[in-house]
Structure formats: structure tokens, C-alpha cells
Amino acid sequence: MVIDWSEAETNGPRGDNQRIPAAEYVRMSTEHQRYSTDNQRTAIRSYAERRGYEIVRTYADEGKSGLNLGGRLALQELLQDVEAGQAHFRAVLVYDVSRWGRFQDPDEAATYELRCRRAGVDVHYCAEQFENDGSIGSSIIKTVKRAMAGEYSRELSVKVFAGQANLIRLGYRQGGAAGFGLRRLLVDQAGNPKGELTVGERKSIATDRVVLVHGPPEEVRTVREIYAMFNKDGRSESEIAATLNERGTQTDLGRSWTRGTVHQILINEKYVGDNVWGRTSFKLKQHHRQNPRADWIMAEGAFPAIVERSQFEKAAAIIAARSTRLSDDQMLELLRSVLEAHGELSGLIIDEQDDCPSSSAYRSRFGGLLRAYALVGFTPPHDYRYLEINRALRRLHPSIMESAVRGIRNHGGVVAADPETDLLTINQEFTATIIVARCFQTVSGSPRWKVRLDTALKPDITVVVRMSAGNESPLDYYLLPRLDMREAVFRLCEYNGLSLDAYRFETLDRFFRLAQRTPFRRAA
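Quick note on numbering: the sequence shown equals residues 1407 to 1930 in the numbering used here.
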């Protein structure tokens, strides 16, 4: 018997021979026990029993982040099966909206659901209090739930970062191998030693912490000798590496020494006892970025030093002096030769080269490795254009501020700008800030603008400048009154509905007229 499931009743129970074939998708991250895959399966199968579905396929992503599609092989396989017509099921059952994904862009989750629905496969959220039936009510609730799921991850990221930064300042190690000459020591919450961790071992009790201590005496002596050969004898990293290899000395990973491995010992602050964290960031799995030194989290003297600070600073001065003797053109010419020899560039490749400035020297001279790469015609495999766009928008902001101040005054208003915060006080009646929102595209190609309101300054009005698709010029402006939100972060779509479009205007003139009339009175 052939059953047309599209015309069959979807809410009532059926006999075993008339159940709708369905797949279940489960995902487990480490955020909460109630979201274990077993608990999800129990809830999904209870839902299937009540609604007349039969589970014929399971897709499981265990221990995977819900922030993006990368790494979630089961969800990718599900989408491929559905769109290739290889899915022997008519519905996908998911525990709730967050298990489908905690995407930072709610539209990304909608895109994947839409791909299933277009192929004739509906997605049902079994633990939610709404029916995913396409009604206006369910669509609104689902959109809010998606935004809440993404915001949860963002807030969790902020809290985790703050917690890790605090532990760094207290002198505790946050991940990573100890390195040559050092070892990881496990201590309890009172600071009492519990034992040394070997390679690959991790702490198992949440309240335990890890600190760095001196390693074997022969490794400690080798580190000090490396600094002596570099600072006193004037030997290069390559010469030092050759000497260590001739002796049969190996690195902490059991490998031969290279120019790069010696160089890393000479530039790493942990050998003077400093705890440094946050040189790079990968927040919310969006973009890898090199952080400026001012943003690093540091605690001086957190660990017992192997070399004196004066020796470390002398080595740093010698390394820096290599590039000061070279002009910009000479440094770039050396970088081009490295690119020609290897076909690509990275900090590690640069640090391995003899007679070439270090990667840190290129960062210092050209304002970042990406800038140096661009000058020699190399494009890294990842798209870092957003960094340059952000820099351009920061340069644009003062001119927009100046235009606003000039426009208000031309319309008869009085305005004062705080030189430190750029907060505008207009006619001594209300305050305003101006935010420039970068335009980016979602996976589906739709333009979006992320807006983060300044909750610290609490301005009465925020002027949001939406940039055009190429981020070359302002597209339009939004006037937003103060919102009573703890974390005022939201996204603007191309069209935002009546509630927000009422505040949209093509030029700043409306803001100027508002400032002239001063109809606004700050609430007490």
C-alpha cells in the first residue's frame, strides 16, 4: 500500500504501518547535561510516538559547537541527503531550536531549515511550546528563539573570556604545552601541589589549576645557554640550533632544533616568568585575528623565571635591531624572496628564514603581517578583509562626527562633544552617540548590519550609520532612542519592518532638525 504522507493527518496517532518516516538530529556540546544526546533522543522519540512518526535515521553531532556549520558533519550529511533526494524520511525531529544551532546570524539557521523544507522535509522542534507550522505566531517565536540562542553563546563567550582572563592575572596557565625547560604543575584551589602533568594529561577537577615550574635541570641549563650564546657570543638562531643538534639535544617534542624553535625561546615571555594570554582570538568561531599587544592579558612574575629579565630584554633589542637597519623596501624584498621560495607566507615560515627579519618585526614595521603580505602580493587563504574594513570605518568616524556637529550648528543648535568618548551633548537637553555599522553578508548573501549600543554611556539617542554593501559610503541612518537593555546588541536587516523603519532616514538632516527643535527631555 502506498501512502501519500503529504495528505495524511500529521497530528493524530497512526498504526505502526502508517507512521511517517522521520530522521532525528541530535547535537551535544559541553554546555549543559540536560542536552546530552540520550536525553534528546528520549524527548524526540516520545514526540514521534505521540505524533505518529517512525525514526528511520539518526544524525548525531556529539561534542560539536552550534556556532557554525563547520565541523558538524552530521548536519552537513543531513542537508546533502535531503537535497540529493536520498532522504528516506519526510521530517526531521530536533530537540529544540538551540540544538539546530546557536548561529550568530538567526537567518543562517533559517537558511538550513528552508533548504530542508524546499526538498519536502519539514523540521519539527520537539521540546518547544510552539508548532513549527509556518504561522505568523510560530515564525515570530522561532525567530526570537534563534536570536536568543545566538545571544546565549555570545554572552557565554564574554563570561568565559572574563573568567579565563582573571585566572591568567592570578598566575594560572590556560592551555597549551609548557615548552622546553618548563613543566605544568597541577595545584588544588589552595595552591598546594598535586603532581606534574605529562604530555596530553589534563586536570579533571574543576577547582584545580595549572602553573608552570622549571623542567629538568639540563633543559633549564640549555635555555640559559641559548640566551648566553645569542646575547654574549653574538650567534644567530641558526648557529645555535646547529650546535644543539650536534650535541644530540632535542626539543621538548623530541625533534631537532631549527632557527624557528630557537627564536621562539628568545621571544617568549614565559622564560622570565610572565603569564601571557590572548595573543590571538577566535571568538564565537567567526574569525582568527592577531590581537595588538595592548590587548594581551599579562601577569608579570607569575612563574619562576629561567632567565633574568635583563637578558630577555637584551635579546629582544637585538632582534628588533635587525629590522631597524633595513629600509621598508629592503624588508619587503626579503619577504618576496621567502614567498618565491615557499609559495606562501606565515609567521612560522618567516621565523625559520636566515638573514630575514622576524615575523614580529614585520608586524611592528608595517602594522601587521596582513599589511606586509599585501605589499608583496600574497593573499592568505582566510579572508581577513574585515580587519581593513574596520580600520577604514574607524578613520571614517571622525569625519561623520564633524559633519554631524557642523550640521547641528548650521541648523541653530548648540552641541558639545566629549573628546574622550565622542558623546554629544545637544542644546544641554539630551545626549547622542554616532555608531558606524559595517555591512556584511550572510551565508545566503543577504546584507546585515551588527549594531552594539553603548550601554556604558547611556546616550538618549543613538545614530546608527549603515554602510553600503562595499562599506565605501553611508547607505542610510537610523535614529534609535535609549533602549532598556543590559546587552544592547542587535542586527539590522535590509528591511526591518514598521517598528524600526519609522526611525530610518536617508540623510542626517532629520537628526539636525531634531537637535534644533530639542523636543526631547531626558528622563529623571
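All C-beta atoms, glycine included, are put in the ideal place defined by N, C-alpha and C.
Given the structure is predicted, the values throughout are model-derived calculations rather than measurements.
Runs of beta strand (DSSP E) with 3 or more residues, each lying fully within the region 1476–1538, are found at 1497–1500, 1528–1531, listed in chain order.
Rounded to whole angstroms, the Cβ separation of V1617 and V1713 is 18 Å, and the two are not in contact under 8 Å. Within a 10 Å sphere around the beta-carbon of L1659 sit fewer than 16 other beta-carbons, which makes this residue exposed.
Apart from the 5 residues on each side of it in sequence, R1521 sits with its Cβ closer than 8 Å to the Cβ of L1485, V1488, E1489 in its chain, given in chain order. Counting every other CB atom within 10 Å of its CB across the protein chains shown gives V1550 a total below 16, marking it as exposed. Here the region 1572–1580 lies against the region 1609–1627, with 3 or more beta-carbon pairs under 8 Å apart. Taking 3 residues as the shortest admissible run, the region 1760–1785 contains no complete beta strand (DSSP E) segment at all. Counting of Cβ neighbours within 10 angstroms places V1500 among the buried residues, the total reaching 16 or more. Contact holds between the region 1701–1709 and the region 1668–1682, because three or more Cβ pairs, one in each stretch, are under 8 Å apart. Beta-carbon to beta-carbon, R1508 and I1426 are separated by about 28 Å, too far to satisfy the 8 Å threshold.
When secondary structure is reduced to three states using DSSP, T1831 falls in the strand class.
According to the DSSP secondary-structure assignment, A1429 is paired through a beta bridge with R1463, V1498. Taking 8 Å as the cut-off, the Cβ atoms of I1671 and S1766 do not count as close. Relative to A1515, the option among E1912, A1555, E1537 whose CA is nearest is A1555. Closest option to L1740, judged by alpha-carbon separation, among I1725, Q1759, A1722: Q1759. The beta carbons of T1831 and T1839 sit about 11 Å from each other, so the pair does not count as a contact at 8 Å.
The beta carbon of R1505 is closer than 6 Å to those of R1433 in its chain, skipping five residues each way along the sequence. By the CB criterion at 8 Å, Y1431 and Y1453 fall outside the cutoff.
DSSP places N1902 in the coil class of the three-state scheme, outside both helix and strand.
Per the C-alpha coordinates, the member of D1866, Y1531, R1919, G1654 positioned closest to A1449 is Y1531.
Counting every other CB atom within 10 Å of its CB across the protein chains shown gives R1589 a total of 16 or more, marking it as buried. Secondary structure of A1727 (DSSP, three-state): helix.
A direct Cα-Cα distance of roughly 26 Å separates A1571 from K1856. In the DSSP assignment, I1756 falls within the alpha helix (DSSP H) that extends over 1753–1757.
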